Every structure is written in structure tokens, then in C-alpha cells.
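*Asks:*
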Amino acid sequence: MKSLLVIITYAARKCDANGNFLPNDAPPPPRDDTEDWTPFADRPSFEFAELVFEKMETSAGDIDHLLKVFAAKAMLDGGGDGLFKDHNELYAAIDSIQHGDIPWKTFKVKYCGPVTPQSPSWQRTTYIIHTRDARAVAEQMIGNSDFDGKWDYIPFEEYTGPEERRWCNIMSGQWVMNKADEIAKDPQTHGAMLVAPILGADKTVVSVQTGQSEFHPLYMSLANVHGDVRRAHRDAVIPLAFLSIPKASREYDDQDEFRRFCKQLYHTTITKVMSPLKPAMTTPVIMRCPDGHFRRVIFELGPFIADYPEQVYLAGIVSGWCPKCLARPTELHSAGDPRFRELTAQLKNTYRHRPGDLWDTWGIVNDVIPFTEYFPRADIHELITPDILHQLVKGTFKDHLVAWVEDYIHANNESKVAKSIMDDIDRRYVPKSKY
Numbered sequence: 000m001k002s003l004l005v006i007i008t009y010a011a012r013k014c015d016a017n018g019n020f021l022p023n024d025a026p027p028p029p030r031d032d033t034e035d036w037t038p039f040a041d042r043p044s045f046e047f048a049e050l051v052f053e054k055m056e057t058s059a060g061d062i063d064h065l066l067k068v069f070a071a072k073a074m075l076d077g078g079g080d081g082l083f084k085d086h087n088e089l090y091a092a093i094d095s096i097q098h099g100d101i102p103w104k105t106f107k108v109k110y111c112g113p114v115t116p117q118s119p120s121w122q123r124t125t126y127i128i129h130t131r132d133a134r135a136v137a138e139q140m141i142g143n144s145d146f147d148g149k150w151d152y153i154p155f156e157e158y159t160g161p162e163e164r165r166w167c168n169i170m171s172g173q174w175v176m177n178k179a180d181e182i183a184k185d186p187q188t189h190g191a192m193l194v195a196p197i198l199g200a201d202k203t204v205v206s207v208q209t210g211q212s213e214f215h216p217l218y219m220s221l222a223n224v225h226g227d228v229r230r231a232h233r234d235a236v237i238p239l240a241f242l243s244i245p246k247a248s249r250e251y252d253d254q255d256e257f258r259r260f261c262k263q264l265y266h267t268t269i270t271k272v273m274s275p276l277k278p279a280m281t282t283p284v285i286m287r288c289p290d291g292h293f294r295r296v297i298f299e300l301g302p303f304i305a306d307y308p309e310q311v312y313l314a315g316i317v318s319g320w321c322p323k324c325l326a327r328p329t330e331l332h333s334a335g336d337p338r339f340r341e342l343t344a345q346l347k348n349t350y351r352h353r354p355g356d357l358w359d360t361w362g363i364v365n366d367v368i369p370f371t372e373y374f375p376r377a378d379i380h381e382l383i384t385p386d387i388l389h390q391l392v393k394g395t396f397k398d399h400l401v402a403w404v405e406d407y408i409h410a411n412n413e414s415k416v417a418k419s420i421m422d423d424i425d426r427r428y429v430p431k432s433k434y
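Residue 299 in numbering that gives the first Met the number 0 is what sits at position 300 of the sequence shown, and the numbering runs on without skipping anything.
Here you go:
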């Protein structure tokens, strides 16, 4: 059955490099395809370096041997300089390359309370965060011509039949449609293309320092990119930062002060990492798009993909509560009233002298401010998205459904028969599994 697409036409208008709107049928301006081989002398020098260093991973001795062969041939043909003098000159040229991925930079954060020589080590530690410029990363992705045809410029609704809506890529969702409506109503942002950065944090430890912290990666993608492009590893998901996660000795692990500091550091860090995008969340910026056209771009914090422990950190809630609604931990079988930014602020103000009641009655941690509070139109309760692997595939299927089936089989059969049935299930399942 053919899909019926309902689209909005008041966003993502084409413009020139100065932001002046153009007709819809205007051709894209030519890209600057000037070939500059700096710091290499010419294209053959670059291709030789790429071949022996990146593709063949040739040893330094073999590189020198090849260069001597080329130099001898050049002398026989009447002289002329060789490609490189030796492997040292080749390595120096590679090291001086200025183009490439957006560079990493670091900033430091430390505990600001009273500190004495007897204070716990986590209070005396300076935490280092490695990050890239979020705006530069976003601009690089937006301008990637490889995404042409796999990039949604405007939100849309897709129907496979009457009242049968289909959701596929993020721009087909209702959330992004609502946000596009908001920016379209503002004369300053009317006609802009909505770009929503998607964040995802991974608690996998990538580096353990000799001090009191470990690094966890923070990834960024953009909602406009089609899902199959992300899955194909085509530079649509980029490591944006490595968050420093404090560690403490066991005697401090369960202390409220240490836990509070960990959460505050987490949100402060993400606020700093995403801050380069903040000005462009209210004032459009001009960027080249995958199709070659320039458009005014307005950024909006998008979904944050995280497993449940990370959601507790993000939403500033008590563990066991839902980060998106007010259902109590004993009532999670049914949805409660939604949480939202203004409600949380009002509850914190009402219970400012009774943080224990705020904790017990509403499941809110009083002294944690989500990073979204520092960005326009952003609500962490709205943006949290389940981790499909841990919460749906593993959480729902393996931890619950598979466990229930196994318990049922063992409860209704003798041990030997039950084990035989489980072996049969394993034999049936494994050949069909593709992951």
C-alpha cells in the first residue's frame, strides 16, 4: 500500500550564504572543489603516503627502500626530486596535516566546597573532560554530501491508510512536528530548518585514570539523518565527549554528598559540552546542507538515549520511579500524569524546606538540576528515550519473557524433562538468530 505523506512547507527554506531566502527551484551553489594537497607537494606524494602508511602499514625500513628505488629511477630519467627523502620526512608531513576530524579539547572541573588536607580524595581531585566543539560537529554532519537523499529537512506525517500512521525515522514523529510548529510561529526563526541533536551515553569505561575518575563516552547524532545511515556506521554517530565519572573509596560510596556531587558534575559537564549550540537555539545560523543548499538552521535538544540507571541521573529522580511520569514505583503497570519541567520547578519550590517529602511523595531529588534547564524549550522528561538493547530486548524479552517461560517449564515438568525442553528451545533458537 502506498504511503500518504503529510508535510509542512513553512520550514527549511533554501537561502544563500548570507541567509536571504531563495525560490524553491533555485539550484544549489557550486561547492569549492579546489584541490589543496598541503602539506604534501602534490597528489602523487599524498597518495604514496596514504598507500604505505594507512593501507599497507609499511615498516619504516621498507618505506626507505621504496623511496631509494624511486630516487634511483628519477636519476636514470634525468634527475628531479623524489617523493620524500626518507620515512622521517614522510612521517613529518603526515604529522603536520591540519585537516581532518574536529580536534579534541579539554576542560577541568573540581569540587567547590570547603576542602582541607583531610578531605576525601574525590573532593581534592581535578576532573578532566575531553570534548569536541558540538556546533562544529553538527555543522560537519549537516554539510556531509554523503547524507544526500538520507536527510529529512522538514518533519512529516506518514500514513499507510486512513487513520493508520506509520512512524519510521525521527522526523516522522509527533515531538519533532510540535517543535517545528513552535519555531515556525516565531518571526525570528520562521523558515529555518529544525536540527535536533540526539545524545547517547555509554557507561562502558574507556579509560581508568591513576586518580579517582574514569571516562564514559557521550555520542551525538542528528534527528534528520535516516536510521539506516546510523546503523551503517557512515559518520552519522560521532563521539562528542568523554565524561569524567568520579570514584571514591567504599566508605564514601554511599554518602549523600558524594552521590550529589557525581550527579551535579554529570549535568554541569553536559551543559558545558552542549553550550556551543545554545546561541543557535534562538537565533538561526547559516549552514550548507547535504543537498548543497544553504539553509537557516535552528537547533533544539533532541532525544537522549540511555538505560534506566542513566535516566535516573538525567531526570534527577529517585531510583525506582519513572523518569517520564508520576506513577509511583508500586504502580508502574499503568501510566501516571506526565512529568514536565514547570511542574518539577513548582514542586521543588513548594517543598524547598521539606526535601524528604519531595523525595518520598514525588520521587524528585531536590539538589539535582538537569542540564536541559540551561537550554531553551528543552525538557528532560520529554527527551528521555529507552535504551532498546537493555530495556526492550534484554529487559523485556530476556529478563522477563524468557525467564517466565523457563520458570513455567521447570514448574510443570520433572527436572530431566524440563532440561530437555530447554535444550530443544536452544537448538531451535540459535540457527534463526542473526545477532
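Note that the Cβ used here is the ideal one computed from N, Cα and C, for glycine as well. Quick caveat, the model's predicted, so the values are computed rather than measured.
In whole angstroms, give me the CA-to-CA distance for Ala59 and Arg42.
*Replies:* 21 Å
*Asks:* Taking the alpha-carbon positions, what's the Asp227 to Met140 distance?
*Replies:* If I take the Cα positions, the gap works out to 15 Å.
*Asks:* Report buried or exposed for Glu56, applying the criterion of at least 16 other Cβ atoms within 10 angstroms of its Cβ.
*Replies:* exposed
*Asks:* Within 10 angstroms of the Cβ of Met74, are there 16 or more other Cβ atoms? Answer buried if so, exposed if not.
*Replies:* Burial call: exposed.
*Asks:* Restricting to Cα atoms, I'd like to know which of Leu242, Ala235, Glu162 is closest to Glu213.
*Replies:* Leu242
*Asks:* So, do the stretch 320 to 333 and the stretch 263 to 283 have three or more beta carbon pairs nearer to each other than 8 Å?
*Replies:* no
*Asks:* How would you call Lys84, buried or exposed, if buried means at least 16 neighbouring beta carbons within 10 angstroms?
*Replies:* Lys84 is exposed by the Cβ-count criterion.
*Asks:* Could you round the C-beta distance between Asp234 and Asn143 to whole angstroms and report it? I think they count as a contact, below 8 Å.
*Replies:* 7 Å
*Asks:* Between the Cα of Ala240 and those of Val108, Lys415, Ile269, spot the shortest distance and give me the residue it belongs to.
*Replies:* Ile269
*Asks:* Pick helix, strand or coil for Thr268, following the three-state DSSP scheme.
*Replies:* helix
*Asks:* Rounded to the nearest angstrom, what separates Val272 and Arg351 at their Cα positions?
*Replies:* When only Cα atoms are considered, Val272 and Arg351 end up about 29 Å apart.
*Asks:* Can you check which of these residues, Ala133, Asp145, Glu157, is closest to Leu217 by C-alpha distance?
*Replies:* Ala133
*Asks:* What is the DSSP secondary structure of His64, counted as helix, strand or coil?
*Replies:* helix
*Asks:* By DSSP, does Ala200 sit in helix, in strand, or in coil?
*Replies:* Assigned with DSSP and collapsed to three states, Ala200 falls in strand.
*Asks:* Going by the beta-carbon positions, is the gap between Ile383 and Phe303 smaller than 7 Å?
*Replies:* yes
*Asks:* Might you give, ordered along the chain, the residues of its own chain that have their beta carbon closer than 7 Å to the beta carbon of Gly18, omitting 5 neighbours on each side?
*Replies:* Closer than 7 Å at Cβ, skipping near neighbours: Ile285, Arg295.
*Asks:* Following the continuous beta strand (DSSP E) through Gly160, name the residue where it begins and the one where it ends.
*Replies:* 155 to 160
*Asks:* Compare the C-alpha of Ala484 against each of Thr37, Ile420, His399, Val401 and name the closest.
*Replies:* An answer regarding residue 484 cannot be provided, because it is not within the stretch 0 to 434 covered by the chain.
*Asks:* Please report how far the alpha carbon of Phe155 lies from the alpha carbon of Thr105, in whole angstroms.
*Replies:* 39 Å
*Asks:* Would you tell me roughly how many angstroms separate the C-alpha atoms of Glu435 and Arg259, rounded to the nearest one?
*Replies:* Missing from the structure shown is residue 435; the chain here goes from 0 to 434 and no further.
*Asks:* Applying the 10 Å Cβ sphere with the 16-neighbour rule, what's the burial state of Ile387?
*Replies:* Classification for Ile387: exposed.
*Asks:* Express the C-alpha separation of Thr395 and Ala417 in angstroms, rounding to a whole number.
*Replies:* 23 Å
*Asks:* Using a Cβ-Cβ cut-off of 6 Å (strictly less than) and excluding sequence neighbours within five positions of Gly301, which residues of its own chain qualify?
*Replies:* Ala195, Pro196, Ile197, Ala222
*Asks:* For the alpha helix (DSSP H) containing Tyr311, list its first residue and its last residue.
*Replies:* Position check: residue 311 holds Val in this sequence, whereas Tyr was assumed. Taken as a continuous stretch (DSSP letters only), the alpha helix (DSSP H) holding Val311 covers 307 to 314.
*Asks:* Taking the beta strand (DSSP E) that Pro238 falls in, what are its first and last residues?
*Replies:* 237 to 245
*Asks:* Between which residues of its own chain and Val114 is the CB-CB distance below 7 Å, once the five residues before and five after are set aside?
*Replies:* Gln122, Arg123
*Asks:* Nearest to Asp31 by CA position, among Gly291, Ser419, Ala314, is which residue?
*Replies:* Gly291
*Asks:* Please specify which runs of the alpha helix (DSSP H), each continuous and at least 4 residues long, are wholly inside the stretch 112 to 152, giving them in chain order.
*Replies:* 120 to 123, 133 to 141
*Asks:* Which residue's Cα is closest to the Cα of Phe47: Leu82, Asp76, Cys261?
*Replies:* Here the closest residue by C-alpha is Leu82.
*Asks:* Within 10 Å of its beta-carbon, does Glu88 have 16 or more other beta-carbons around it, so buried, or fewer, so exposed?
*Replies:* exposed
*Asks:* Which of the three DSSP states, helix, strand or coil, is assigned to Phe293?
*Replies:* strand
*Asks:* Tyr218 by DSSP, collapsed to three states: which one?
*Replies:* Strand, per DSSP.
*Asks:* Is DSSP giving Val194 helix, strand or coil here?
*Replies:* strand
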